[in-house]
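Q:
2 protein chains.
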Amino acid sequence: MLSPAAIRVSNAGNAIKVPERQTEAGPVPQALSDTIETGVQMSFARNAEIYGENEPADYLYKVISGAVRTYKVLADGRRQIGAFYLPGDVFGLESGEHHVFSAEAVIDSKIAVIRRSAVMGLAARDNDVARQLWVLTSRELRRVQDHIMLLIKTAQERVVGFLLEMSARMPSETQIELPMSRQDIADYLGLTIETVSRTLTQLEDSAAIELATSRRVLLRDRIALRRLNG
Amino acid sequence: MLSPAAIRVSNAGNAIKVPERQTEAGPVPQALSDTIETGVQMSFARNAEIYGENEPADYLYKVISGAVRTYKVLADGRRQIGAFYLPGDVFGLESGEHHVFSAEAVIDSKIAVIRRSAVMGLAARDNDVARQLWVLTSRELRRVQDHIMLLIKTAQERVVGFLLEMSARMPSETQIELPMSRQDIADYLGLTIETVSRTLTQLEDSAAIELATSRRVLLRDRIALRRLNG
DNA sequence: CGTGCAGTTGAGCAAATTCAACGCTTGTGG
DNA sequence: CCACAAGCGTTGAATTTGCTCAACTGCACG
């Protein structure tokens with residue numbers, strides 16, 4: 011049973027209207043990720059919807075700055091966050107023609123956007139692009155599998171796992187700057203905000219972490235954290 | 011906290027040694043899945059290991075008959091089953107060079123095997139194969155995402171979700187022949203065998219299903235099941 | 001200086017786990 | 001052919017974990 015987190019703003023009406031832009035021949039960039047970056051950039055305000063579940067998956071996205079969450083809401087309001095994407099991450103890759111998850115900006119964000127058809131067209135001609143498309147999808151698969159391994163653990167292990175995961179994705183060795191709320195974390199971990207909060211203070215009491223502010227976490231004892239990670 | 015299900019046989023020593031076989035030119039089959047089927051077939055006894063975690067991912071597999079589970083065991087013995095593969099399903103596709111999960115035969119099974127390098131070589135020359143490789147990976151991604159949505163639900167919803175999922179993959183409309191044990195189901199759903207068992211009898215008591223035998227389930231009231239699915 | 005949102009903390013409760021016992025089926029050796 | 005052990009599944013009772021409901025704090029913003 012999860013948190014009925016349906017009551018939250020979603021500055022919709024920010025529909026995507028990216029000007030058509032032909033991807034020219036020229037020298038093929040080695041990284042598809044870089045190709046996306048050459049696309050149009052858009053700004054999204056905190057909590058603005060980037061795309062919705064079941065919408066046609068016409069674009070690929072790359073976070074330039076800010077943070078993005080993808081999520082799905084069940085009939086009764088329970089929300090599951092599928093992933094957080096940080097600067098440099100590519101998202102929006104999905105199997106079929108339509109998105110399975112919705113995507114929102116966690117905080118004000120700049121996102122590079124590229125037409126899927128452009129990439130696909132490129133992939134059809136260029137084998138290397140096709141391979142990278144596949145590699146990106148595989149990486150996503152791997153990430154989701156890791157997420158599953160998180161979800162079967164105890165509350166403490168989930169929170170610790172989340173902190174270690176975020177830490178690995180952040181520049182600083184010991185400091186984590188969380189762009190997301192406790193509700194976001196809870197919905198990512200399949201817990202309630204209360205349990206997340208309690209677990210964090212408990213970790214602080216045991217000197218494993220320090221909560222500089224509620225959004226800034228200092229990892230004080232990585233050894234202990236790794237031990238608590240299950 | 012999950013079941014310490016580490017104590018289970020694993021008829022190893024069934025190392026894969028597939029004879030090299032050049033994939034000839036000829037007309038390109040439209041389905042990669044069919045291509046795999048043209049490969050060498052191997053038999054695996056119940057509980058035999060097909061590949062292990064961290065082994066090089068040199069092959070692609072397709073279930074001809076039987077059933078396969080992929081899984082990962084945590085340090086303390088908790089096991090999470092990532093997926094069940096039934097006849098017709100392709101598995102073994104992974105991002106990197108090494109498997110992230112282990113794979114075992116749930117029951118005696120026949121598996122078609124093909125060298126990954128052969129497929130990749132084919133993909134390098136043939137765009138269509140590359141695309142299908144990507145489609146298969148995307149489909150797997152989708153499946154894992156659905157699995158996550160299962161794992162955040164209540165015990166009853168998970169069990170019902172599992173039954174509906176299996177039902178959709180089986181020939182019969184109303185009857186499910188389960189190849190796997192309660193332990194397997196529990197480890198797939200992130201529950202204990204006791205909870206799975208109790209939930210099934212509870213579903214039977216409410217006339218939603220009927221347990222012909224412990225491995226044969228009859229779906230008596232799909233409407234009720236869909237309602238209980240969350 | 002209030003109002004509102006995010007986060008924390010506490011008390012009681014519900015769901016699922018743990019521990020334990022038992023029944024049924026299957027296979028095996030005497 | 002029977003007896004018995006082993007594996008699988010079910011059921012019961014006690015316990016634990018995380019959730020629900022509720023109150024309260026701190027902080028940002030008007």
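Residue numbers (our numbering), protein chains in the order written: chain A, 11 to 240; chain B, 11 to 240.
Positions of the beta carbon are idealized from the N, C-alpha and C atoms, including for glycine.
Which residues in chain B sit within 7 angstroms of residue 159 of chain A, going by Cβ to Cβ distance?
A: Simply 82, 90.
Q: Kindly list, in the order they appear in chain B, the residues whose Cβ is closer than 9 angstroms to that of residue 86 of chain A.
A: 240
Q: By DSSP, does residue 152 of chain B sit in helix, in strand, or in coil?
A: helix
Q: Is residue 140 of chain B close to chain A, meaning its C-beta is less than 8 angstroms from at least one C-beta of that chain?
A: yes
Q: Kindly say whether residue 237 of chain A, judged by its beta-carbon, lies nearer than 8 angstroms to any beta-carbon of chain B.
A: Chain B, which has no Cβ nearer than 8 angstroms to the Cβ of residue 237 of chain A, makes this no.
Q: Can you tell me whether residue 223 of chain A is buried or exposed? The criterion is at least 16 other CB atoms within 10 Å of its CB, across all chains shown.
A: exposed
Q: Would you list the residues sitting across from residue 198 of chain B in a DSSP beta bridge?
A: None; residue 198 of chain B has no bridge partner.
Q: Does the beta-carbon distance from residue 200 of chain B to residue 103 of chain A come in below 8 angstroms?
A: Contact: no.
Q: For residue 150 of chain B, collect the residues of the same chain with a Cβ closer than 7 angstroms to its Cβ; drop the 5 residues on either side in sequence, then sort them by chain order.
A: Result list for residue 150 of chain B: 103, in chain order.
Q: Would you please verify whether the beta carbon of residue 151 of chain A is less than 8 angstroms from any beta carbon of chain B?
A: yes
Q: Answer yes or no: the CB of residue 61 of chain A versus the heavy atoms of the ligand PLP, is any distance below 7 angstroms?
A: Within the structure as shown, the ligand PLP is missing, as the structure has no ligands at all.
Q: If you measure beta-carbon to beta-carbon, which residues of the segment 197-217 of chain B are closer than 7 angstroms to chain A?
A: 200
Q: Taking 8 angstroms as the CB-CB limit, is residue 115 of chain B close to chain A?
A: no
Q: With a threshold of 8 angstroms between beta carbons, is residue 191 of chain B in contact with chain A?
A: No - not a single Cβ of chain A is within 8 angstroms of the one on residue 191 of chain B.
Q: Closer than 6 angstroms by C-beta to residue 89 of chain A: which residues in its own chain qualify, once you throw out the five before and the five after it? Chain order, please.
A: 15, 81, 83, 197
Q: So, with DSSP's three-state summary, where would you put residue 102 of chain B?
A: coil
Q: Along chain A, in chain order, which residues have C-beta atoms closer than 7 angstroms to that of residue 64 of chain B?
A: What residue 64 of chain B touches in chain A: nothing, since even the nearest Cβ is about 14 angstroms away.
Q: In chain A, which residues lie less than 8 angstroms from residue 43 of chain B when you measure between Cβ atoms?
A: Within 8 angstroms Cβ-Cβ: nothing; residue 43 of chain B doesn't reach chain A, min ~15 angstroms.
Q: Using DSSP's beta-bridge definition, name the partner residues of residue 236 of chain A.
A: Its beta-bridge partners do not exist; DSSP assigns none.
Q: Check whether the segment 132-144 of chain B touches the segment 210-224 of chain B, taking contact to mean three or more Cβ pairs, one atom from each stretch, closer than 8 angstroms.
A: no
Q: Cα separation between residue 207 of chain A and residue 192 of chain A?
A: 7 angstroms
Q: For residue 146 of chain A versus residue 100 of chain A, is the C-beta distance shorter than 8 angstroms?
A: yes
Q: Opposite residue 123 of chain B in the DSSP bridges: which residues?
A: According to DSSP, which records beta bridges pairwise, residue 123 of chain B is partnered with B/50, B/71.
Q: So with CB distances below 7 angstroms, who are the chain A contacts of residue 132 of chain B?
A: Under the 7 angstroms cutoff, chain A gives no residues; its nearest Cβ is about 12 angstroms from residue 132 of chain B.
Q: Of all the options B/236, B/41, B/239, which has the alpha carbon lying nearest to the alpha carbon of residue 133 of chain B?
A: Among B/236, B/41, B/239, the Cα nearest to that of residue 133 of chain B belongs to B/41.
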